[in-house]
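These notes concern the structure reproduced below.
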Amino acid sequence: MSISECTDKPLDLSPVAAMVADRAPFSEGDVIDALQDMQTRYGYLPRAAMDEMARLSGVPVARLYGVATFYSQFHLQPHGRHAVRVCRGTACHVRGAAGILSAISRHLGIEDGDTTPDMQFSIESVACLGTCFLAPVMLVDDQYYGNLTSDKAVATLKRIQARDGAPNAAAQPAAQKGSAPCPP
Ligand code: FES
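Quick note on our numbering: the sequence shown kicks off at 12 and runs consecutively.
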């Protein structure tokens with residue numbers, strides 16, 4: 012479910028007009044920059060905002076989605092405050108990445124690709140983080156954690172939760188893939 016489908020908090024599309032107007036005359040060369048603004052504003056690229064940008068800019072919505080899906084920096088679904096990327100590449104796999112991913116999933120109460128109901132954490136398994144010498148490794152936001160075990164990975168998440176003062180997401184019902192509460 013995208014925020015545009017959320018019934019108790021409709022999406023405010025007014026910022027999209029400014030994203031387009033600030034780049035007038037808007038061209039396809041402005042798409043990446045404008046989508047970065049949109050993601051900063053909403054936390055992801057909501058469908059309704061993509062439609063609005065296409066309408067106001069004249070750039071076909073298919074072109075906007077083409078750019079959004081080409082670059083991994085863009086998210087079409089709501090993401091948590093903290094992005095937990097667990098490497099499942101070969102070097103990490105042979106050192107127990109699957110068990111680490113399972114432990115993280117159990118702790119947060121969500122599956123790979125999902126976001127916790129409180130919007131604090133998203134889990135994403137990736138092919139290689141480029142730090143194979145640290146295997147097994149995960150990346151939380153911009154911080155690498157290497158030579159992991161399941162216990163170390165969970166302890167890392169607990170430290171972040173304690174630092175944030177966030178409730179343990181594991182105590183909450185798991186989010187379904189592609190569903191999320193209305194972001195604030
Ligand atoms: S295989 Fe995990 S960082 Fe490269």
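From the three backbone atoms N, C-alpha and C, an ideal C-beta is built for every residue, glycine too.
Per DSSP, the beta-bridge partners of residue 96 are 135, 150.
Taking 7 Å as the cut-off, one finds no heavy atom of the ligand FES near enough to the beta carbon of residue 112. The beta carbons of residue 138 and residue 106 sit no closer together than 8 Å. Taking C-beta atoms as the reference points, residue 145 and residue 158 count as a pair closer than 8 Å. The closest heavy atom of the ligand FES lies 7 Å or more from the beta carbon of residue 40.
Just so you know, the alpha carbons of residue 121 and residue 40 end up roughly 37 Å apart. Assigned with DSSP and collapsed to three states, residue 160 falls in coil, not helix or strand. By the Cβ criterion, the segment 72 to 80 is not in contact with the segment 102 to 118, since fewer than three pairs of Cβ atoms, one from each stretch, lie closer than 8 Å. For residue 128, there is no enclosing alpha helix (DSSP H), as DSSP marks it with neither H nor E. Annotation for residue 96: 135, 137, 140, 149, 150 place their beta carbon closer than 7 Å to its own, counting only its chain and skipping 5 residues before and after.
In this structure residue 22 is in contact with residue 60, their Cβ atoms being roughly 7 Å apart against a cut-off of 8 Å.
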